[in-house]
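What follows is a set of notes on a single structure, which appears directly below.
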Amino acid sequence: MSDKTLAEAAQAITNGDAEKAVDLAKRGLDEGIEPLKLLDQGFVPGINEVGDLFSKGKLFIPMLIKSATAMEKATEIINAAIPKGEEVAQGRVVLGTVQGDVHDIGKTIVVALFKANGFEVLDLGRDVPNDKIIEEAEKFGADVIGTSTLLTTTMVLQKELEEELKRAGIRDKYKTIIGGAPVTQRWADRIGADAYAHDASDGVKKLKALLKKG
């Protein structure tokens, strides 16, 4: 029975069915499936498939958001059943769109997908000054700082953030990840960012790789 529940859990996420996902999370726990197994072998394969489909252009933003919401709600149920000290949060991430840029649809998708993959995310919104990003990262105890920009004119602020972290003597405390339409791997290399993500799904992969390295 548990194999069927695990398969249905993955399907609920790919279908973006939050109600079904919550029901299956509860059913799986009632059947005695261990919370971490239910998450890792049931829901996670579903959100991974969603990320792959999105990156291939076979699934679009509204469905991505629905799937991410379904994953978040199922994860809440499962996390509540996990004994203290065994929670599945993969790391803490602060995200913001740089100062002078008021675009944030892309970042909103990233936030949803990061949360769906078990990361604790503090979303600072858009038009965020670098000193605010650093201040909030310190308060939040972040592992990763992520910034996005859709404007070539504000890209320089990603470079300045790297410099400000170095000046404050805390650059090594954080991994940094950058994204946005004009941003490239070459730009990330040039400014010294730890990773570049070309979309939300790629961001999840890069984030997992960064935190694995430690």
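So in the working numbering, the last spot in the sequence shown is 198, and the numbers never skip. Ideal placement from N, C-alpha and C gives every residue a C-beta, glycine not left out. Predicted model, so just to flag it, every value in this text is computed and none were measured.
Reference residue i, options the options, closest by Cα
i: Leu209; options: Gly35, Glu60 and Asp111; result: Residue 209 cannot be examined here, being either before or after the span of the chain that is shown, -15 to 198.
i: Phe200; options: Val6, Lys190, Leu108 and Thr136; result: There is simply no residue 200 to check, as the chain begins at -15 and stops at 198 in what is shown.
i: Lys189; options: Asp85, Glu119, Thr92 and Leu97; result: Leu97
i: Leu145; options: Pro166, Ala121 and Leu134; result: Ala121
i: Ala58; options: Asp156, Thr(-2) and Asp(-13); result: Thr(-2)
i: Lys(-12); options: Asp1, Leu22, Gly0 and Glu3; result: Leu22
i: Leu194; options: Lys123, Leu149 and Gly130; result: Gly130
i: Asp1; options: Phe103, Lys143, Met55 and Glu119; result: Met55
i: Val105; options: Val128, Val86, Pro113 and Glu119; result: Val128
i: Val94; options: Ile17, Asp178, Gly35 and Gly12; result: Gly35
i: Arg11; options: Ile62, Lys50, Ile118 and Lys40; result: Ile62
Per-residue DSSP class, three states only, for residue i
i: Lys190; result: helix
i: Thr168; result: coil
i: Ala97; result: Residue identity differs from the one stated: residue 97 is Leu in this sequence, not Ala. Helix, per DSSP.
i: Ala177; result: coil
i: Ile118; result: helix
i: Thr131; result: strand
i: Gly163; result: strand
i: Val86; result: coil
Where the alpha helix (DSSP H) containing residue i begins and where it ends
i: Ile154; result: From DSSP, Ile154 is part of no alpha helix (DSSP H); its letter is neither H nor E.
i: Gly125; result: Per DSSP, Gly125 belongs to no alpha helix (DSSP H) and is neither H nor E.
i: Arg11; result: Ala2 to Asp14
i: Asp(-13); result: Ser(-14) to Thr(-2)
i: Met55; result: Ile45 to Ala65
i: Asp183; result: Taken as a continuous stretch (DSSP letters only), Asp183 belongs to no alpha helix (DSSP H), as it is neither H nor E.
i: Phe38; result: Val28 to Ser39
i: Lys21; result: Pro19 to Leu22
Cβ-Cβ distance between residue i and residue j below 8 Å
i: Ala65; j: Pro29; result: no
i: Thr108; j: Gly80; result: Reading the sequence as shown, one finds Leu at residue 108 and not Thr. Closer than 8 Å, so yes.
i: Glu82; j: Thr160; result: According to the sequence as given, residue 82 is Val; it is not Glu. No, they are not a contact pair.
i: Ala165; j: Leu141; result: no
i: Phe44; j: Ser185; result: no
i: Gly84; j: Asp115; result: no
i: Glu33; j: Ser(-14); result: no
i: Leu48; j: Phe103; result: no
i: Ile117; j: Val78; result: yes
i: Ala100; j: Ala52; result: yes
Nearest-angstrom beta carbon gap, residue j and residue i [assumed within contact, 8 Å]
i: Gly125; j: Arg170; result: With 8 Å as the limit, Gly125 and Arg170 do not qualify as a contact, their Cβ atoms being about 31 Å apart.
i: Gly163; j: Ala181; result: 4 Å
i: Lys143; j: Ile175; result: 4 Å
i: Lys4; j: Ala(-6); result: In fact, because the Cβ distance is near 11 Å, the residues do not count as touching under 8 Å.
Run of the beta strand (DSSP E) containing residue i, from where it starts to where it stops
i: Asp107; result: Glu104 to Asp107
i: Gly80; result: Arg76 to Thr81
The ligand ADP heavy atom lying under 7 Å from the CB of residue i
i: Thr137; result: You won't find the ligand ADP in this model; it holds no ligand whatsoever.
C-beta neighbour in chain B for residue i, strict 8 Å
i: Thr133; result: Considering every chain present, this structure includes no chain B. It has just one protein chain.
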